[in-house]
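Read the structure below first, then the notes.
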C-alpha cells in the first residue's frame, strides 16, 4: 500500500544534490543557510530540494526562532529501537531461564 | 506521540521466583543472560560485573584483561527498581558524551510470593541522535533504504 510512497522516497534521493543534503543532515540538524553554505548550489535551490525531501517524508523541519531547522526523519532511530527491542527480548528470555533454573546451592 | 513511542522500548516478563531473587539474579548475573554477541571488546568476555550501588557501573571484562564500562548505575533500590545508563552508541561503541546516552529502568513487582513481574523500559533512545552514521552508510547500499523505510513505515503505523 505504501509502494507509491516508497517510490517517492527513492525518487527524492535520485539526485546528487538531494543525496548530498541528506548526507549533511546525517551529521546533525541544520538551518537552510548552513546547508547551502556547504553545497555548490544557491540557497533557493537548496530550499527547493528540501521541499522535495520533506514531501517524500525523508526530512522534517522544526521552527527555531525565525529560522527553520531541517533534520532527517527518525529512520535511524527506528532501526536502533528495533535493535534494542531485540536485545532486551533476548536478554529477558535468558534471564527467565536463569532465574527459574534450580539453584545449585539450594 | 510517534516520537515518544519511537524513543523507548518497553518489555515485561513474569518469572516464577520471589521478588528478592528476581532482583538479585538480574543484577548479579546480568552477564549470564545478556545476548553474548553484543560485546564491545575485542576478546571473549570473561565476566560482566554489575556494581551494586549508585555511581557504580556495569563492566565487561575480557579474557585478555581489557575491560569495557558501558553503563552507570543511576538508581539501585533492591528489590524494587534499578536504573542504569546505556553508554553505547548506535554503532555499538562506547559513547563518552553523556548527553548522548539513553537509560534503562527495570522494575520488579511481586505478583505472588513466588512470582515476579519484571518491567523494563529503555528510554530516551533519541538522545543517541544525531548518530545518523547508519543512515549515511545505508544510502550507499541497495539494501539500506528499503529496510529502514519498511521499519519506519511500521513505526509510523504503530504511532497512530
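Chains as they are written, first to last, in my numbering: chain A, 1 to 106; chain B, 1001 to 1160. Ideal placement from N, C-alpha and C gives every residue a C-beta, glycine not left out. Predicted, not measured: the structure shown is a model, and the values here were computed from it.
| Item | Value |
| --- | --- |
| Residue range of the beta strand (DSSP E) that includes residue 1060/B | 1057-1062 |
| Within-8 Å CB hit, residue 35/A to chain B | no |
| Under 8 Å by beta carbon: chain B residues contacting residue 97/A | 1033 |
| Residue 1012/B to residue 40/A span [Cα, whole Å] | 51 Å |
| Residue 1122/B: contacting residues in chain A (beta-carbon distance under 7 Å) | 84, 88 |
| Pick from 59/A, 21/A, 29/A, 27/A that is closest to residue 42/A, judged by C-alpha positions | 21/A |
| Which residues DSSP lists as bridging residue 31/A, in chain order | 69/A |
| The region 89-103 of chain A in contact with the region 1077-1086 of chain B per 3-pair CB rule at 8 Å | no |
| Pairwise C-alpha distance: residue 58/A and residue 1032/B | 40 Å |
| Distance between residue 63/A and residue 18/A (C-alpha atoms, nearest Å) | 21 Å |
| Extent of the continuous alpha helix (DSSP H) run through residue 19/A | 16-25 |
| Positions along the region 1009-1022 of chain B whose CB lies within less than 7 Å of some CB in chain A | 1009, 1011, 1013, 1015, 1016, 1017, 1021, 1022 |
| Residue 68/A classed as buried or exposed, judged by whether at least 16 other C-beta atoms fall within 10 angstroms | exposed |
| Of the residues 1112/B, 1105/B, 1125/B, the one placed nearest residue 1119/B, counting alpha carbons only | 1105/B |
| Any 3 or more C-beta pairs closer than 8 Å across the region 78-95 of chain A and the region 1007-1026 of chain B | yes |
| Neighbourhood of residue 1050/B by C-beta, 6 Å cutoff - its chain only, sequence neighbours within 5 removed | 1027, 1030, 1058 |
| Residues that residue 1071/B bridges to, as DSSP identifies them | 1058/B |
| Range of the contiguous alpha helix (DSSP H) that encloses residue 1115/B | Taken as a continuous stretch (DSSP letters only), residue 1115/B belongs to no alpha helix (DSSP H), being part of the beta strand (DSSP E) at 1115-1123. |
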